[in-house]
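Residue numbers (numbering that gives the first Met the number 0), protein chains in the order written: chain A, 0 to 221; chain L, 0 to 250.
Glycine residues also receive a C-beta, built at the ideal position from the N, C-alpha and C atoms.
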Amino acid sequence: MSAIDWDLVRSSLGPLLDGLLRGTLPLTAVSFVLGLALALVLALMRLSGRRLVSAVARAYVSIIRGTPLLLQLFIVFFGLPSLGITLDPWPSAIIALSLNVGGYASEAVRGAILAVPRGQFEAAMTVGMGRTTTLRRVVLPQAARIAVPPLSNTLISLVKDTSLVSTILVTELLRKAQEIASPTFEFFTLYGVAAVYYWVVCLVLSFGQTRLETRLSRHVAA
Amino acid sequence: MTAPLLEARGLVKSFGANRVLRGVDVAVPSGSVTCLIGPSGSGKTTVLRSLNGLETPEVGTVRIGDVELDWATGPDARAVSRLRGQSGMVFQAHNLFPHLSVLDNVTAGPVFAQGRPRAEAQEEARALLARVGLADKADDYPVQLSGGQQQRVGIARALATRPQVVLFDEPTSALDPELVGEVLRVMQSLAAEGWTMVVVTHEMRFARQVADQVLFLDGGVVVEQGPPAEVLVEPREPRTRQFLQRLLEPL
Ligand SMILES: Nc1ncnc2c1ncn2[C@@H]1O[C@H](COP(=O)(O)OP(=O)(O)OP(=O)(O)O)[C@@H](O)[C@H]1O
Ligand SMILES: [Mg+2]
Numbered sequence: 000m001s002a003i004d005w006d007l008v009r010s011s012l013g014p015l016l017d018g019l020l021r022g023t024l025p026l027t028a029v030s031f032v033l034g035l036a037l038a039l040v041l042a043l044m045r046l047s048g049r050r051l052v053s054a055v056a057r058a059y060v061s062i063i064r065g066t067p068l069l070l071q072l073f074i075v076f077f078g079l080p081s082l083g084i085t086l087d088p089w090p091s092a093i094i095a096l097s098l099n100v101g102g103y104a105s106e107a108v109r110g111a112i113l114a115v116p117r118g119q120f121e122a123a124m125t126v127g128m129g130r131t132t133t134l135r136r137v138v139l140p141q142a143a144r145i146a147v148p149p150l151s152n153t154l155i156s157l158v159k160d161t162s163l164v165s166t167i168l169v170t171e172l173l174r175k176a177q178e179i180a181s182p183t184f185e186f187f188t189l190y191g192v193a194a195v196y197y198w199v200v201c202l203v204l205s206f207g208q209t210r211l212e213t214r215l216s217r218h219v220a221a
Numbered sequence: 000m001t002a003p004l005l006e007a008r009g010l011v012k013s014f015g016a017n018r019v020l021r022g023v024d025v026a027v028p029s030g031s032v033t034c035l036i037g038p039s040g041s042g043k044t045t046v047l048r049s050l051n052g053l054e055t056p057e058v059g060t061v062r063i064g065d066v067e068l069d070w071a072t073g074p075d076a077r078a079v080s081r082l083r084g085q086s087g088m089v090f091q092a093h094n095l096f097p098h099l100s101v102l103d104n105v106t107a108g109p110v111f112a113q114g115r116p117r118a119e120a121q122e123e124a125r126a127l128l129a130r131v132g133l134a135d136k137a138d139d140y141p142v143q144l145s146g147g148q149q150q151r152v153g154i155a156r157a158l159a160t161r162p163q164v165v166l167f168d169e170p171t172s173a174l175d176p177e178l179v180g181e182v183l184r185v186m187q188s189l190a191a192e193g194w195t196m197v198v199v200t201h202e203m204r205f206a207r208q209v210a211d212q213v214l215f216l217d218g219g220v221v222v223e224q225g226p227p228a229e230v231l232v233e234p235r236e237p238r239t240r241q242f243l244q245r246l247l248e249p250l
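Okay, here's the thing in structure tokens:
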């Protein structure tokens with residue numbers, strides 16, 4: 000008997016793809032976008048120059064980075080009900096993942112903003128731009144280029160981290176694989192197929208990262 | 000005599016324990032060119048940046064046109080930006096926006112900051128680019144230009160917000176020697192057109208030919224000032240003489 004049941008592989012491709020397309024990818028996309036927005040807010044808080052505001056952001060990032068994502072997920076899903084807040088698996092998953100991404104990505108965003116030369120802020124100010132306009136028109140477009148590599152890492156990690164939400168019964172790729180594997184005991188086959196799916200998604204994202212980096216670097220001296 | 004267009008009085012500025020400006024006065028009549036000269040570290044850049052609030056002096060007043068600021072009162076960001084709106088600035092390192100085309104660099108102030116209609120701003124920007132000899136570079140990006148061309152875009156960008164005064168901080172110091180002339184010629188023609196300019200420079204020929212007044216700074220004070228024919232040719236102060244001597248005979 001071979002370790003891989005090829006018929007099962009073929010018949011599981013569809014259901015697992017379903018888990019990917021309807022679970023893993025939307026979870027990743029929504030959490031990443033929300034997380035990025037949070038990251039920008041946190042980065043600006045850190046850079047605000049107000050001690051208290053900056054300390055709050057710093058503490059947040061420290062807690063997020065200092066505790067396991069799985070634990071954060073459990074606190075949202077299993078812990079909040081004791082405070083009277085009960086959330087469904089999906090919202091719980093998105094909240095926990097977004098909060099986590101926000102913490103990690105904020106450091107990348109902050110670093111990228113700090114890497115924009117001082118003279119760019121000054122030039123923007125001398126042509127009359129205020130803080131918000133300077134940020135939007137001058138700083139963020141340049142920071143985006145600098146932030147692409149670290150944010151790509153965050154995104155690729157996120158794709159894989161979404162598998163943790165299988166523990167709170169969100170049907171995504173890994174959970175789908177578990178569901179199909181359990182009655183047949185074909186864990187090796189099913190988890191193998193799931194692994195290939197994750198890997199392909201990450202390959203595509205890496206390729207996209209390279210493309211984006213090239214695009215954003217076209218007006219920058221070598 | 001009418002009041003000068005730009006007037007700064009008693010500017011005092013320290014960086015930590017280092018007192019960089021020790022009571023500097025500057026008065027610039029409308030339509031005139033003022034050159035700030037002096038040894039490295041004498042405070043020229045700091046004076047210039049105090050005129051538009053890129054530095055915040057502890058004491059002193061700055062007035063440009065009808066906007067006045069008393070630094071001692073700790074003015075808020077809004078007041079500082081009102082003063083800043085009166086001037087344009089050309090940086091030593093040009094500081095062009097690398098992600099924007101030449102045309103968008105020039106219209107950035109009018110469109111993003113002043114809210115003027117894009118079409119109108121672009122038309123004016125094209126005229127300014129023609130003015131600095133770069134009509135055909137509007138769609139290029141800064142990285143594609145030579146240092147001299149970049150600096151001329153910087154000048155066009157500074158003029159685009161229609162400032163009352165244009166501030167230049169060593170606009171040719173970062174350039175290869177053969178590119179200095181093209182930038183200085185543009186500045187000379189702006190002066191001839193009647194722009195009011197304050198120029199920090201080490202280009203003594205430019206100062207002699209174009210400036211209406213020269214201020215010699217040393218140790219954070221204006222040591223000597225007057226028409227270039229006096230300050231640069233027959234300086235009264237020994238320190239001025241010594242400085243000019245060193246420029247003439249660097250070895
Ligand atoms: N941001 C800063 N922080 C600390 N010290 C500063 C800062 N900017 C300037 N200084 C100091 O202030 C003094 C005057 O500097 P400033 O740049 O005004 O001189 P400068 O006359 O423009 O010199 P240069 O010809 O070299 O440009 C110098 O001693 C400099 O080290
Ligand atoms: Mg200087």
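Rounded to whole angstroms, the gap between the alpha carbons of A/L157 and A/I74 is 19 Å. Judged by their CB atoms, L/P28 and L/S86 are not nearer to each other than the 8 Å cut-off.
Sequence-ordered contacts of the region 127–143 of chain A with chain L read G127, M128, G129, T132, R136, V137, P140 and Q141 [C-beta pairs closer than 7 Å]. Collapsing the DSSP output to three states places L/D75 in coil. For L/R204, the number of other beta carbons within 10 angstroms of its own is below 16, and it is reported as exposed.
Within chain L, no residue has its beta carbon less than 9 Å from that of A/M44; the closest one is some 18 Å off. Residues are counted here when their Cβ sits less than 7 Å from a Cβ of chain A; for the region 59–84 of chain L these are S80, R83 and G84, given in chain order.
Not a single heavy atom of ligand 1 lies less than 7 Å from the C-beta of A/K159. If you look at A/L113, you'll find it in the alpha helix (DSSP H) that goes P88 to A114. Taking a cut-off of 8 Å on C-beta distances, the region 99–117 of chain L touches the region 123–139 of chain A, as three or more cross pairs fall below it. Contact between L/F167 and L/I36 is ruled out by a C-beta separation of about 13 Å, above the 8 Å threshold.
Interface flag for A/G118 against chain L is set, since a Cβ pair is found closer than 8 Å.
Put simply, of L/V131, L/G30 and L/K12 the residue whose alpha carbon is nearest the alpha carbon of L/L47 is L/K12. Interface flag for L/V142 against chain A is set, since a Cβ pair is found closer than 8 Å.
Taking 8 Å as the cut-off, the Cβ atoms of A/L215 and A/R144 count as close. The region 147–166 of chain A makes contact with the region 60–71 of chain A: 3 or more CB pairs, one atom from each, lie closer than 8 Å.
According to the DSSP secondary-structure assignment, L/G87 is paired through a beta bridge with L/V165.
Set against 7 Å, the gap from the CB of A/G118 to the closest heavy atom of ligand 1 is not smaller.
The beta strand (DSSP E) runs lying completely inside the region 115–202 of chain A and spanning 3 residues or more number zero.
The beta carbon of L/D69 sits closer than 7 Å to the beta carbons of T60 from its chain, once the five residues preceding and following it are set aside; these are given in chain order. Near ligand 1, meaning a beta-carbon closer than 5 Å to one of its heavy atoms, we find L/F14, L/V19, L/S39, L/G40, L/S41, L/G42, L/K43, L/T44 and L/T45. Pairing L/L183 with L/A155 gives a Cβ-Cβ distance that is not under 8 Å.
Taken atom to atom, the span from the alpha-carbon of L/S172 to that of L/P226 is near 23 Å.
Rounded to whole angstroms, A/R210 and A/T27 show a C-alpha spacing of 20 Å. Between the region 123–139 of chain L and the region 94–103 of chain L there are three or more C-beta pairs closer than 8 Å, enough to call the two in contact. Membership of L/N104 in the alpha helix (DSSP H) is indicated by the continuous run V101 to T106.
Check the Cα spacing between L/D24 and each of L/G219, L/E177, L/G52 and L/E192: the tightest is with L/G219. Taking a C-beta distance under 8 Å as the contact criterion, L/G9 and L/V58 qualify as a contact pair. In this structure, A/A54 sits away from A/L41, with a CB-CB distance that is not shorter than 8 Å.
Counting the other Cβ atoms within 10 Å of the Cβ of L/E169 gives 16 or more, which makes it buried.
A/V115 has its alpha-carbon roughly 26 Å from the corresponding atom of A/I63. Closest in alpha carbon position to A/I94, among A/R135, A/V32, A/T188 and A/L154, is A/V32. When secondary structure is reduced to three states using DSSP, L/Q212 falls in the strand class. Between L/T195 and L/G30, the beta carbon gap of about 6 Å places them in contact (Cβ cut-off 8 Å). Rounded to the nearest whole angstrom, the C-alpha separation of A/S11 and A/S91 is 28 Å. Among the residues of chain L, none has a CB under 8 Å from the CB of A/T166; the nearest is roughly 43 Å distant.
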